[in-house]
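A.B. asks:
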Amino acid sequence: MNALTLENVSYTYPGGTSPVVKNASFGFEAGTIYAVVGPSGSGKSTLLSMLAGLDMPGSGDVILQEENLKSLDLDKYRREGVSIIFQAFCLLPLLTVRENVCLPMEMQGIPEANARERAAEALVKVGIEESKHKRFPSALSGGEQQRVAIARSLCSGAPVLLADEPTGNLDGENTRIVMDILRRLAHEEGRCVIVVTHDPEVAEAADRVLRMKDGVLTAE
Amino acid sequence: MKRRFLSLLLACLTAASLFGLSYGLGLNALFLREAQYSTEAHYGILTLLPENVPDFNPGTNAYWTADPRRSLIPVLTDDEYEKLNKHNTAYPIHPRYMTLGVSAEYFRLPPPEGYYDYADRLVVEAVVQSINDDSLQLTDCVFLGGKAEALQKSISAWLSEDLAETWSVGDRTEFSLRTWQENGLWLYRVDKELVPKGGTKPEDVVSMSEDNLHGFDLVFTEDMGWIWRVMQGELCCIQGRLIEETDAGSRVCVVSERFLRENDLALGDSLLFRVGDKLCSQFAPIGALAYTTTQYPRRWAEEAFEIIGTFADADNGNWTADEFAYAYSESTVFVPLSALPETIYPSSARYTPAELTLLPEGGDALERKLGWMQEIAAGIGLRCVMDDRGWSAIAAGIDAEEARLRARTLPFILSGAVLLVLLFAGLLLTVKRKCTVLRLAGVPKRRLAARTMIPSLVLLWSAAAAGTAGAFLYLGTEAAWFREKWSAFMQVSEQGLPMGTLILVPGLASLVMSGGLVLLVLLLLGQDIHDLAVRSQRKAGKQ
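These protein sequence lines map, in sequence, to chains A and B.
With the first letter of the first sequence counted as 1, position 10 gets the number 10 in the working numbering; the numbers rise by one all the way through.
Each number in the working numbering comes from the position in the second sequence (counting from 1) with 1000 added on.
#1: I think residue 209 of chain A touches residue 203 of chain A, with their Cβ atoms under 8 angstroms apart; what is that distance to the nearest whole Å?
#2: Return yes when the Cβ of residue 101 of chain A is within less than 8 angstroms of the Cβ of residue 147 of chain A, no when it is not.
#3: So, is residue 1454 of chain B buried or exposed, given that buried needs 16 or more other C-beta atoms within 10 angstroms?
#4: In whole angstroms, what separates the C-alpha of residue 1527 of chain B from that of residue 1452 of chain B?
#5: What does a CB cutoff of less than 7 angstroms around residue 1223 of chain B pick up in its chain, not counting 5 residues either side in sequence?
#6: The beta strand (DSSP E) that contains residue 23 of chain A, what's its start and end?
#7: Just the Cα atoms here: how many angstroms apart are residue 9 of chain A and residue 95 of chain A?
#8: State yes or no: is the C-beta of residue 983 of chain B within less than 8 angstroms of the C-beta of residue 1386 of chain B?
#9: When you compare each of A:115, A:29, A:155, A:103 to residue 125 of chain A by their alpha carbons, which one comes out closest?
#10: Quick check on residue 1421 of chain B: does DSSP put it in helix, strand or coil?
#11: For a minimum of 3 consecutive residues, which ranges assigned as the beta strand (DSSP E) are wholly contained in the stretch 27–73 of chain A?
#12: Just to make sure I have the definition right: I need the residues of chain A whose C-beta is within less than 8 angstroms of the C-beta of residue 1434 of chain B. Which are they?
#13: Should residue 1334 of chain B and residue 1477 of chain B be called a contact, given that it needs their Cβ atoms to be closer than 8 angstroms?
#14: Please report the straight-line C-alpha distance between residue 1250 of chain B and residue 1136 of chain B, rounded to a whole angstrom.
#15: Given a threshold of 16 other Cβ atoms within 10 Å of its Cβ, counted over all protein chains shown, does residue 1012 of chain B qualify as buried or as exposed?
#16: Any idea which residues DSSP pairs residue 1121 of chain B with across the strands?
#17: Roughly how many angstroms lie between the CA atoms of residue 1259 of chain B and residue 1500 of chain B, to the nearest whole one?
#18: Please report the straight-line C-alpha distance between residue 1507 of chain B and residue 1464 of chain B, rounded to a whole angstrom.
#19: Among A:117, A:16, A:34, which has the Cα closest to the Cα of residue 151 of chain A?
#20: Along chain B, which residues have their Cβ under 7 angstroms away from the Cβ of residue 108 of chain A?
#21: Below 7 angstroms on C-beta distance, what does residue 75 of chain A contact in chain B?
#22: Between residue 50 of chain A and residue 104 of chain A, what straight-line distance do the alpha-carbon atoms span, to the nearest angstrom?
#23: Helix, strand or coil: which one does DSSP assign to residue 128 of chain A?
#24: Does the beta carbon of residue 260 of chain A sit closer than 8 angstroms to a beta carbon anywhere in chain B?
#25: For residue 1128 of chain B, does the three-state DSSP call read helix, strand or coil?
#26: The beta strand (DSSP E) with residue 196 of chain A in it runs from where to where?
#27: Under 8 angstroms, do residue 38 of chain A and residue 20 of chain A count as touching if we go by C-beta distance?
#28: Quick one: list the residues of chain B neighbouring residue 79 of chain A, beta-carbon separation under 9 angstroms, in chain order.
#29: Would you call the stretch 1292–1312 of chain B and the stretch 1262–1269 of chain B touching, i.e. three or more CB-CB distances under 8 angstroms?
#30: Bridge partners of residue 1093 of chain B, per DSSP?
#31: Any beta carbon from chain A within less than 8 angstroms of residue 1437 of chain B's own beta carbon?
#32: Can you pull out the residues from the stretch 1421–1433 of chain B whose beta carbon lies closer than 7 angstroms to at least one beta carbon of chain A?
#33: Does chain B have any CB closer than 8 angstroms to the CB of residue 99 of chain A?
#34: Going straight from the alpha carbon of residue 1541 of chain B to that of residue 170 of chain A, what length do you get?
#35: What is the rounded straight-line gap between the Cα of residue 1326 of chain B and the Cα of residue 1048 of chain B?
#36: Is it buried or exposed for residue 1488 of chain B, if we count other Cβ within 10 angstroms and need 16 for buried?
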């Protein structure tokens, strides 16, 4: 069973004449890391938006395991089905590393102690040592901040991890570290990791590479 | 822990900024309110003067054959008084009342040299020895009352033409004689008081004559500072103090320094008067004397007054014609208006302009009101002069203090406002980022709204309450000090703190911030989640 499946998915921007994603069909498996590559404007970010439930396909279906996205509560889908990592990290500067990771859990009503325990585990998993848990994001390097963002995504326990240019703001060393973490999450925890990237090094680190060109998705 | 600490820090900074704003604006409001009070409470003193005063020579015959009070400055007609009183809310009219006070113990002081003494009258029983066109020869004179030292066995008295046929030679009857001295000789003139057919009873004339000799001019006034000659500095306080508004209700008086000295009196002594019910126009050399039956009181009230001060007129005896009606004799006794006996009905009184003081109110309106009144006064042959009681100095003091306060409070206001704006902007950015992250993480909208808005609103309003309380307490401790400082150049009130400003400023600021926050959260919750994601990616420089 695929973790996430695209069935003839097309998308045209409101007011647009031609679709930016054309008839995309693919099955994303658990335990695999995918890289979606392609030139700017090819439709890969739009594809990721649909996978994340931020946009609904104009036609076709996105299926999480066996459930069609159209029939799911989108908030719940984003909370429990997929987790998103952005290039911008999206950390709150006035919260400590641990508080940033805990925040979504606290908002979902998870008791503070549980949330803190899970946050600590996730942070250790992405290589953020405990001494840095109480620091503010500004005290961390870009790579470390992105790892904190990954840790925050992990805490949701979502089977699918979506990353939009996660290494866009990182140097080579940090890119490798982040990709190692994502690979580990796919291979050791059985998550389905889908990374949208321009970076060939990131694409190389993926198990499979999908190309987008003029809205058409093709698997290599 | 850090989040809580930061929240506390944020609350403290917000409270501090609201304190700065509230304190700065509150202090300004306090001053502006006091300045307004001082401006409104300030009044000018407006005196009405005649355009032209007829030449008047006390030595002329007219001086003692007619009542010069009527010819010099006539009393106002009802119509004229009505015109002056037309704008009585802009210029409340304060009349001074003069009436006769008779002392059993003390004598009225003689007028200055060269002035006829209206108190000097001699009442005798005598035989008519001869009658000419303008004189009457009396013999076998027997003293009945009045000026005893003027009594002689035989008296030659001037007689007005209309009285020439009243008596026959050999008649023995009572005569009322006005008397005065020239070159050491007593001179006499027949008075009309005891003329048969319509004349006054001899015992009454005797009584009036005695009262004249013991009669004092009691002037009832709210404040001696409103008297024109006091304002000019011509009538001055010599000992103690003059009657003030605060003396209302007290039985006190101010007498002339000469009267005090010659009678061996001192401040604190009391004077007992029989106060008559007849109101008289003031005229320095005549005063309120009951020298005619028309001026004589019908009812009396006994009052005692404690001497609190003495006065002297710098021009005593050298008054010019236009000063007569505005000056007071040394036999004047000033008492508070509140001491006016109930038997006197001021509403029926007729005034000369000299007895009226107008008090235009509002420091900043004085010049304007003077202009209005000058127009009204000119229409009835009067002019008016105003003492602004130092308003220009007060206004300058207010302006200077306002500038000083602005300089003092501006840093509080500006730093408070800037800090508040920065904090609010920071809060909005944080909330915006938080909402974006949490929406992308799938946190339900309702929970998100509650978890972001409620803590922020609690923080905001707690900070506002703390800031307001701080400003209230701080300003409360400073207000007395400031009022004392301001009282050096303006009148201050006993009002409390400007609660409106102290509460309204932080209240409004918090309301605006709360509204902004709620609006932002609602906008973010209503915004398409895709847009939120795109914006968040754009921040990273990606299209």
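For every residue, glycine included, the Cβ atom is placed at its ideal position computed from N, Cα and C.
C.D. replies: For this structure:
#1: The sequence position of residue 209 of chain A within the first sequence is 209, counting from 1. The sequence position of residue 203 of chain A within the first sequence is 203, counting from 1. Contact holds; Cβ gap of about 5 angstroms.
#2: As a first step, residue 147 of chain A is located in the first sequence; it is residue number 147 there, counting from the start. As a first step, residue 101 of chain A is located in the first sequence; it is residue number 101 there, counting from the start. The answer is no: Cβ separation not under 8 angstroms.
#3: Numbered from its first residue, the second sequence carries residue 1454 of chain B at position 454. By the 10 Å Cβ count, residue 1454 of chain B comes out exposed.
#4: Your numbering for residue 1527 of chain B matches position 527 in the second sequence. Your numbering for residue 1452 of chain B matches position 452 in the second sequence. Near 16 angstroms, if we compare the C-alpha coordinates of residue 1452 of chain B and residue 1527 of chain B.
#5: Here residue 1223 of chain B corresponds to residue number 223 of the second sequence, with the count starting at 1. Cβ neighbours of residue 1223 of chain B beyond the five flanking positions: 1243, 1244, 1245.
#6: The residue you call residue 23 of chain A lines up with position 23 of the first sequence. Counting along the chain, the beta strand (DSSP E) containing residue 23 of chain A begins and ends at 21–28.
#7: Counting from 1 along the first sequence, the entry for residue 9 of chain A is found at position 9. Counting from 1 along the first sequence, the entry for residue 95 of chain A is found at position 95. About 39 angstroms.
#8: Any question about residue 983 of chain B goes unanswered here, given that chain B covers just 1001 to 1543.
#9: Here residue 125 of chain A refers to the residue found at position 125 of the first sequence. Comparing Cα-Cα distances from residue 125 of chain A to each of A:115, A:29, A:155, A:103, the minimum goes to A:155.
#10: The residue given as residue 1421 of chain B occupies position 421 in the second sequence. Residue 1421 of chain B: helix per DSSP, three-state reduction.
#11: 33–37, 59–64
#12: For the purposes of this step, residue 1434 of chain B is taken as residue 434 along the second sequence, with counting starting at 1. Result: 92, 103.
#13: Here residue 1334 of chain B is taken as the residue at index 334 of the second sequence, counted from 1. Here residue 1477 of chain B is taken as the residue at index 477 of the second sequence, counted from 1. Their beta carbons are not under 8 angstroms apart, which means residue 1334 of chain B does not touch residue 1477 of chain B by this criterion.
#14: To locate residue 1250 of chain B, count along the second sequence from 1; it is residue 250. To locate residue 1136 of chain B, count along the second sequence from 1; it is residue 136. Taking the straight line joining both Cα atoms gives about 51 angstroms.
#15: Position 12 of the second sequence, counting from 1, holds the residue named residue 1012 of chain B. Exposed: under 16 other Cβ atoms inside 10 Å.
#16: Position 121 of the second sequence holds residue 1121 of chain B. In the DSSP output, where bridge partners are listed per residue, residue 1121 of chain B has B:1178.
#17: For the purposes of this step, residue 1259 of chain B is taken as residue 259 along the second sequence, with counting starting at 1. For the purposes of this step, residue 1500 of chain B is taken as residue 500 along the second sequence, with counting starting at 1. Cα to Cα, the separation comes out at about 56 angstroms.
#18: Here residue 1507 of chain B corresponds to residue number 507 of the second sequence, with the count starting at 1. Here residue 1464 of chain B corresponds to residue number 464 of the second sequence, with the count starting at 1. In a straight line, the C-alpha of residue 1507 of chain B is about 7 angstroms away from that of residue 1464 of chain B.
#19: Here residue 151 of chain A refers to the residue found at position 151 of the first sequence. Out of A:117, A:16, A:34, A:117 has the C-alpha closest to the C-alpha of residue 151 of chain A.
#20: Counting from one through the first sequence, the residue named residue 108 of chain A turns up at place 108. Here the neighbours are 1443.
#21: As a position in the first sequence, residue 75 of chain A is number 75, starting the count at 1. Those within 7 angstroms of residue 75 of chain A in chain B are 1442, 1444.
#22: Along the first sequence, one-based indexing puts residue 50 of chain A at 50. Along the first sequence, one-based indexing puts residue 104 of chain A at 104. Taking the straight line from one Cα to the other gives about 22 angstroms.
#23: Walking along the first sequence from the start, residue 128 of chain A turns up at place 128. Residue 128 of chain A: coil per DSSP, three-state reduction.
#24: Beyond the ends of chain A as shown, which are 1 and 220, falls residue 260 of chain A; an answer cannot be given.
#25: Position 128 of the second sequence, counted from the first residue, corresponds to residue 1128 of chain B. Looking at residue 1128 of chain B - three-state DSSP - the assignment turns out to be strand.
#26: In the first sequence, residue 196 of chain A corresponds to position 196, counting from 1. It spans 192–197 - the beta strand (DSSP E) in which residue 196 of chain A sits, taken as one unbroken run.
#27: Along the first sequence, one-based indexing puts residue 38 of chain A at 38. Along the first sequence, one-based indexing puts residue 20 of chain A at 20. Going by C-beta atoms, residue 38 of chain A is not nearer than 8 angstroms to residue 20 of chain A.
#28: Sequence index remark: in the first sequence, residue 79 of chain A carries index 79 (1-based). Correct list: 1441, 1442, 1443, 1444.
#29: yes
#30: Indexing the second sequence from 1 puts residue 1093 of chain B at position 93. Residue 1093 of chain B pairs with B:1358.
#31: Here residue 1437 of chain B is taken as the residue at index 437 of the second sequence, counted from 1. At least one chain A Cβ lies under 8 angstroms of residue 1437 of chain B.
#32: 1430, 1433
#33: Along the first sequence, read from residue 1 onward, the residue named residue 99 of chain A stands at position 99. Interface residue, yes.
#34: Here residue 1541 of chain B is taken as the residue at index 541 of the second sequence, counted from 1. Here residue 170 of chain A is taken as the residue at index 170 of the first sequence, counted from 1. Unreliable positioning characterises residue 1541 of chain B in this predicted model, as indicated by a pLDDT of 48, which lies under 50. A coordinate reading is not provided.
#35: Sequence index remark: in the second sequence, residue 1326 of chain B carries index 326 (1-based). Sequence index remark: in the second sequence, residue 1048 of chain B carries index 48 (1-based). About 10 angstroms.
#36: As a position in the second sequence, residue 1488 of chain B is number 488, starting the count at 1. With fewer than 16 Cβ atoms within 10 Å of its Cβ, residue 1488 of chain B is classed as exposed.
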